[in-house]
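Residue numbers (the numbering used here): 5 to 139.
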Amino acid sequence: MRMRFYSDGGARGNPGPAAFAVIVCKADGFVLHEYARFIGVATNNEAEYQGLISALGTAIDYKTDDAEFVMDSELVVKQMKGEYKVKSPHLKKLHQDAMSLAKSIGKTEFRHVRREDPKITRADELLNQELDRRR
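The following block contains the structure:
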């Protein structure tokens, strides 16, 4: 069964207190689950990767073999597709972890969307609520 996973990560300050959120959907967009996690001090890109890694793990938990991962981070999406090299030492390990998890899923697709996408807007709200709770 094809599933779609939206993720967003953010930090207040760069680096600063950071969180990510994931929204799990059926292929038709029906939301099955959503969650946010605080990750401590991180950069925006680290938070984006942590969100993707969590989404990948959730896809494995759902036992899907066909997953689309949707993000507003063009950098992370292009790195996952191999269009950009991972130059930053602090992102290399996160990228390797994400690639390893992606290989555990049959078919994966990574797609960049604009921040205005309603599911990304919702994920951004969730991660900001999590950051507000941690103040």
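Every residue, glycine too, gets a C-beta built ideally from N, C-alpha and C. Given the structure is predicted, the values throughout are model-derived calculations rather than measurements.
I'd like the list of long-range same chain contacts for residue i, defined as Cβ closer than 6 Å, with 5 residues on each side in sequence excluded.
i   : result
A25 : D12, A40, A127, L130, L131
C29 : R8, V35
Starting from residue i, follow the beta strand (DSSP E) in both directions and report where the run begins and ends.
i   : result
P93 : Where P93 is concerned, there is no enclosing beta strand (DSSP E), although the alpha helix (DSSP H) it sits in stretches over 93-107.
For residue i and residue j, I'd like the C-alpha separation in whole angstroms.
i   : j    : result
T47 : D121 : 22 Å
A22 : G110 : 30 Å
R8  : A51  : 19 Å
Y53 : A102 : 8 Å
A31 : D136 : 31 Å
V74 : G61  : 15 Å
K67 : V117 : 25 Å
Leaving out five residues on either side along the sequence, give the residues of the same chain with a beta carbon under 7 Å from the beta carbon of residue i.
i   : result
K82 : Y88
Taking 8 Å as the threshold (C-beta atoms), are residue j and residue i in contact?
i   : j    : result
A71 : T112 : yes
I57 : L105 : yes
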